[in-house]
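S.K.:
Residue numbers (our numbering), protein chains in the order written: chain D, 1 to 660; chain H, 1001 to 1660.
1) Using the C-alpha atoms, what's the distance from residue 1229/H back to residue 1245/H?
2) Mind pulling the chain D residues with CB within less than 7 Å of residue 1336/H?
3) Would you mind sorting residue 1551/H into buried or exposed? The rule is 16 or more other CB atoms within 10 Å of its CB.
4) For the alpha helix (DSSP H) containing residue 607/D, name the first residue and the last one.
5) To which residues of the same chain is residue 608/D closer than 6 Å at the C-beta, ignoring the five residues directly before and after it?
6) Taking one C-beta from the region 1254 to 1261 of chain H and one from the region 1307 to 1322 of chain H each time, how about it: are there three or more such pairs within less than 8 Å?
7) Leaving aside the five residues before and after residue 57/D along the sequence, list all residues of the same chain whose C-beta is less than 8 Å from its C-beta, in chain order.
8) In three-state terms, what does DSSP make of residue 1595/H?
9) Show which residues of chain H have a CB atom less than 8 Å away from the CB atom of residue 619/D.
10) What separation, rounded to the nearest whole angstrom, lies between the Cα atoms of residue 642/D and residue 50/D?
11) In this structure, how does DSSP classify residue 528/D when only helix, strand and coil are distinguished?
12) Do the CB positions of residue 1452/H and residue 1033/H come within less than 8 Å of each other?
13) Can you give me, in chain order, the residues of the region 266 to 284 of chain D that have a beta carbon less than 8 Å from any beta carbon in chain H?
14) Roughly how many angstroms separate the alpha carbons of residue 264/D and residue 341/D, rounded to a whole number?
15) Which term fits residue 498/D, buried or exposed, when burial requires 16 or more other beta carbons within 10 angstroms of its beta carbon?
16) What number of angstroms, rounded off, separates the C-alpha of residue 1209/H from the C-alpha of residue 1138/H?
17) With a threshold of 8 Å between beta-carbons, can residue 328/D be considered close to chain H, or not?
18) Tell me, please, which residues DSSP counts as bridged to residue 245/D.
19) Within this structure, are the beta carbons of residue 1473/H and residue 1501/H separated by less than 8 Å?
20) Residues in its own chain within less than 8 Å of residue 1300/H by CB, not counting five upstream and five downstream?
21) Which one of 333/D, 154/D, 570/D and 73/D has the shortest CA to CA distance from residue 1144/H?
22) Residue 1258/H versus chain D: which residues are under 7 Å apart at the beta carbon?
23) Between residue 1478/H and the ligand ADP, is there a pair consisting of the residue's CB and a ligand heavy atom that are separated by less than 7 Å?
24) Please state the DSSP three-state secondary structure of residue 1100/H.
25) Could you check if residue 978/H is buried or exposed, using at least 16 other CB atoms within 10 Å of its CB as the buried criterion?
26) Please state whether DSSP places residue 1053/H in a helix, a strand or coil.
27) Just to confirm the assignment, what range does the alpha helix (DSSP H) spanning residue 1627/H have?
28) At a Cβ threshold of 8 Å, is residue 169/D touching chain H?
29) Can you name the residues of chain H whose CB is closer than 7 Å to the CB of residue 412/D?
30) Taking residue 60/D as the reference, give the member of 44/D, 133/D and 54/D with the closest Cα.
31) From the beta carbon of residue 622/D, is the nearest beta carbon of chain H less than 8 Å away?
32) Are there three or more Cβ pairs, one per stretch, closer than 8 Å when the region 432 to 449 of chain D is compared with the region 486 to 493 of chain D?
33) Going by CA-CA distance only, name the one from 1464/H, 1597/H, 1359/H and 1577/H that's closest to residue 1118/H.
34) Tell me, please, whether the region 1304 to 1314 of chain H touches the region 1214 to 1232 of chain H by the rule of three or more beta-carbon pairs shorter than 8 Å.
35) Output, in sequence order along the chain, the residues in the region 336 to 359 of chain D whose CB is closer than 8 Å to any CB in chain H.
36) Flag this pair as yes or no: are the beta carbons of residue 1354/H and residue 171/D separated by less than 8 Å?
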């Protein structure tokens, strides 16, 4: 996509929407809240999404499903036609039928707004304060009347020229200092590692002959159980110069943390696990160094020696394995990690292929199941210094939740189960090509509009699709509060299947599989259990500190699922508490983002220890009323409807359209 | 010697002296200030030292030089007879002739009193404050309601049970923490490395299962150019449990620092030099661990893992080579070392065979020629906190001098040349068996009393002997103020030799060589140049800070030579300024002693950086009036006699006896 915007007008309803050039018409319709029947996921197979181009042109949208006459009349398939400038589109009755011939209006999907970091404002806030700084010095060469030691000369220069005090020169620097000073006639670039608090010492962590102040780089790494992501950051501008990622090399020993721990408990197992994760990090670093192109430089590439610092975050198990700490008690009651806070280290001491002067900062953990990835998110998103009562949530197999503000923070992990990753759902799958990721329904015919990743024929349902499907079915009365299907809808889409009643999302012939793609009552129960665990966790936690879930003012979403989550759906089903959409932020990979912010901010490095100390970790299983909360959450949205005051109004509107 | 004291009475003069049992009668006489002729160095050869036992008995003293009748009459040879109880001894006329038949009384030799460290008083002064402490903790085991991390549990225990704060746990400790805590049911011994200043953090540097608080050990090492000495210290009592030493493995590359630097400048030379010194240290550590026997333990031996700390000091070149710092500019004008102060290190990082938790503290240096060995002496002797204006001096080929008190310190190195180590002296030698180390003269006959190391026939003169010989010859007018012999003494002992006039200390047949042992005018000039360099250095330094040399109130002597130096002689010849004998202390190996004190005292560790900052290093060659001072010092004791007010009186007394 070029980034140019097009305006699309949908008739007969007359709804206008501005979309990026190149977007498919069906996705534009979805974004505008217009329902167009589409069973095949936007793959161009079912041919149900015919629209008429009344003004302007589109790119594509022609298939054998359209006759010559259709094409001449301006018919196109909405799923494969792409915006190519301003265009007016009519949705014919058969494609989007609604009472009175109007195209069905469905609720617009609300995604959380991406939290974008503006370096200028970070500077203004004092957050942009890189812990590693390079200064250039021109020193007087020694003479017999001024023959202080090389180190003393360097310190004197830093004191006189930059008012630096309390300096300690590390041994690796001392080892090369004599030669470096004399290589460019006592013109030298000094790398200073600032103390995180004012009492500390500043370390001279590197010296280079000549002026290298324009080249000062750091690395940030998210050490995921599955994937390791790294970015290379320009510490002068704060910008990300390169990104790279790879599967965590430990994956050969199991996909989850428990199997990794079990292997680490074997002879040499811990050392092996550490070597594997370090090997992946080293491979990723090599890629980043090659890919990065510093500004104002013709040739890309950065030397290892120019990396001043690396910050890493991962869950508690990944952090233990990274540092070679025994993870044994993480998986055994009472679930005791070796440590929460961690001392700063030399990257080279961990086996990371970086020079001896590079400092490694691993993010501290809270408990066995709330790790450094979450702490990084709390720090990087600024949650720890906000006035708003905020819910930070990272949804995966475990959902880690943090609630609080600048004054207090409480956290816990909820066993949501794998539903949000497609696990335990009949046709569930990971977010991959062919996964139904978005959905709407024609309230009259109950015909679906399926949108798939990669616009391929559906092969299953991913987490974000599941959420929208359940919410939409509930909103339109296809299922009731307890997730049971209305048996009297008179559509072949709802039928009794092998596992009870089900809704057919895609018939076999329009799917990418050899069977119909369905969602059944067992799937819906699994989904409800997952969302109930999370909501009950949030509610329990917020009530443990004497507040109500309705007091939450802001939600910060992290993780892949967070980026795809439909906010209205999440609030309809009772996964998230009701909060204004503009008060929901998405930070992407919170762990990586927090490490990036740490590379840029001594402010954050200083505050992290204090924040971790303030973060009270709860074991939800040990909080007496959690179980009751969990049971009470086994409804859509909840047994206590008063917790979702806005839902009633929304349902009324939807159902009026649907039944009116 | 058993340590029992005997009283010896010398007749006819009636002088009494208390000496340790087993001392030779001739040494007792020397200590009492009684001259007995003895040309052969106490080897029993010359037979000139016959004395009569009038009361009591002695052990030995019988040789073929004594007839049966002599023996029966109570004659014994003073050199080989040893005190065996109280005894009265007559010195016959032929052995110690003096005017009027009295035994010659000569000046008693004053040695500096050994500075003895009393741990109790160090404790009272607050100096005994070991930087590494072991504490035992009994922790509650974790439960589901108290499942904080292992590290947090440890810190909480230290805070609750010992009021410890600001703790950082090192990675090596974190790596074994889980297992160690559980090995003895959460009974654990924690090693704390205290910060040197109150702002700093305390490091948890080791953990051991069970209670090991009674075993806490440290090492102190003097890294000499020639020899490396180490001691193993009990950090609970402060006592030295073992001593060991060996030649510095670098010695194969030359005996002096310059040849070591030259080798270090070659490819791989620096790494090689570092490996060699580390290898010697490692060998010495192994010996210390085997030799040490902790108190209250049947079986000796200490485990490497029990060593909490090691402090090392050496001259600036040795310190550079130990740490792998390039020493190149130490030997080239303007003589710039890489660094003065040094960060604390992990011993293992230097290749020292100690566990990762052992901290290595190298003593800082002042300049290329005033090194960590001197700083260690200044710290360990307490000079840096005395009110008295003190001269600290370590005499070798270079004499390093420090002048000052608790408010200021100035230091310099003087090129004394090798005279004090026997170099450049016709019959000079190192302090080894057969070296004349003490001397007196019969003022009438000018016959010598030579005492040699090991009581062997003389083969040469060592530094301390040279000092006493020159001083004695001067005191008795055998040589004049400029070191020239009185040509008119009428004794065969003074004669014209190959290098001008000379005094025959030992005739060939009484010596251990094939020639007469002599001291000639060239030797004396060399000696005068050496003492002049030192005295001029001291005078220049003290005047540079606006004081006079006569203001010096205390002298601290370090080094081997310092232990043998005769104070009266040193002040007679003008090597040392005049100070009361009780204000002269000997600290032995100042470098080793300072390291030992550092192992026991955070006080000293804290103050050392500040002290080094206060120590102004002077390049004497760059101080304009040094050359004049040097020339003015080319007399015995000095051109300016007023600088030695007590000498006149002493000389008068000696010469009255001599000429009376």
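We treat Cβ as the ideally placed atom computed from N, Cα and C, and that holds for glycine.
M.R.: On the basis of the supplied data:
1) Using only the alpha carbons, I get a separation of about 4 Å.
2) Chain D residues near residue 1336/H: 142, 147, 149 and 150.
3) exposed
4) 602 to 614
5) Here residue 608/D has 379 as same chain residues with Cβ atoms under 6 Å from its own Cβ, once five neighbours each way along the sequence are excluded.
6) yes
7) 84, 85 and 87
8) In the structure shown, residue 1595/H sits in a helix (DSSP, three-state: H, G or I).
9) What residue 619/D touches in chain H: 1144 and 1147.
10) Taking the Cα positions, residue 642/D is about 42 Å away from residue 50/D.
11) Of the three classes helix, strand and coil, the one that applies to residue 528/D here is helix, per DSSP.
12) no
13) Taking 8 Å as the upper bound on Cβ-Cβ separation, chain H lies near no residue of the region 266 to 284 of chain D.
14) 21 Å
15) Around the beta carbon of residue 498/D, fewer than 16 other beta carbons sit within 10 angstroms, so the residue counts as exposed.
16) 11 Å
17) yes
18) 229/D
19) Between residue 1473/H and residue 1501/H, the C-beta spacing is not below 8 Å.
20) When the five nearest sequence neighbours on each side are left out, the beta carbons in the same chain lying within less than 8 Å of the beta carbon of residue 1300/H are those of 1290, 1291, 1292, 1293 and 1294, in order along the chain.
21) 333/D
22) The premise fails here: residue 1258/H is roughly 17 Å from chain D at the closest Cβ pair, so nothing lies under 7 Å.
23) Of the ligands one can find in the structure shown there are none, so the ligand ADP has no counterpart to examine.
24) Confidence is the limiting factor: at residue 1100/H the pLDDT is only 47, short of 50, which leaves the residue's position unreliable, though a coordinate-based value still follows. Correct three-state label for residue 1100/H: helix.
25) Residue 978/H is absent from the structure shown; chain H starts at 1001 and stops at 1660.
26) strand
27) 1626 to 1632
28) yes
29) The premise fails here: residue 412/D is roughly 13 Å from chain H at the closest Cβ pair, so nothing lies under 7 Å.
30) Here the closest residue by C-alpha is 44/D.
31) yes
32) Yes: at least three Cβ pairs fall under 8 Å.
33) 1597/H
34) yes
35) 336, 337, 338, 339, 340, 341, 342, 343, 345 and 349
36) At the C-beta level, residue 1354/H and residue 171/D stay beyond 8 Å of one another.
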